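**Q**
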Amino acid sequence: MTSDNLPDDIRRFVLTSIPSVPYLEALLLLRSQPQQAWGAAAVARRLYVPEARAAELLRALQESELVAWTEGEGFRYAPRDEALRITIDTLDRLYATRLVEITSLIHTRVEKRAMQFADAFRWKKDN
1 MTSDNLPDDI
11 RRFVLTSIPS
21 VPYLEALLLL
31 RSQPQQAWGA
41 AAVARRLYVP
51 EARAAELLRA
61 LQESELVAWT
71 EGEGFRYAPR
81 DEALRITIDT
91 LDRLYATRLV
101 EITSLIHTRV
111 EKRAMQFADA
121 FRWKKDN
């Protein structure tokens, strides 16, 4: 099954807003317990990533207005609007049943960006 079978809005959201699988998993982790404040150490333990990587993920989620930071507490799930919340709810349901399709879509996006970057340094032979 390919990512073409995913709803268009979810495909678009993943392609434009989800840079990596750990980013998505951090987002869905915070979504799963929206009242809980999370720190980098707790996220690192749950996702099996280094604490520094978890801190990067949390900051990136905050910059994307998907989570909010409260001084002295931590990060909480807080999408900037209801439409985004609904999209993430749908993505969470799909991720539970179509994990391979969604992760493949993310990896394909990352691979395309890497190839574009590499192509920028390819020597062109003059005619």
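Take 1 as the starting number for the sequence shown in the working numbering and just add one per residue.
We put the beta carbon where it would ideally sit given N, CA and C, even for glycine.
The structure presented is a predicted model; accordingly, all values stated were derived computationally and were not measured.
#1: Taking 9 Å as the threshold (C-beta atoms), are proline 79 and glutamate 56 in contact?
#2: Pick helix, strand or coil for arginine 76, following the three-state DSSP scheme.
#3: If you pair each beta-carbon of the stretch 36-46 with each one of the stretch 93-110, do three or more pairs fall below 8 Å?
#4: Tell me the rounded alpha-carbon separation between isoleucine 86 and glutamate 25.
#5: Pull up the DSSP beta-bridge partners for threonine 90, would you.
#6: Could you check how far apart the C-beta atoms of threonine 103 and valine 21 are, in whole angstroms? I think they sit under 8 Å.
#7: Drop a sphere of 10 angstroms on the beta-carbon of glutamate 101, count the other beta-carbons inside from all chains shown, and report buried for 16 or more, exposed for fewer.
#8: What alpha helix (DSSP H) runs, 4 residues minimum, are completely inside the stretch 18-82?
**A** In terms of the structure at hand:
#1: Between glutamate 56 and proline 79, the C-beta spacing is not below 9 Å.
#2: Correct three-state label for arginine 76: strand.
#3: These segments do not touch.
#4: Approximately 17 Å between the Cα atoms of the pair.
#5: In the DSSP output, where bridge partners are listed per residue, threonine 90 has none listed.
#6: The C-beta distance from threonine 103 to valine 21 rounds to 5 Å, short enough to meet the 8 Å contact threshold.
#7: Glutamate 101 should be labelled buried.
#8: Correct list: 21-32, 40-47 and 51-63.
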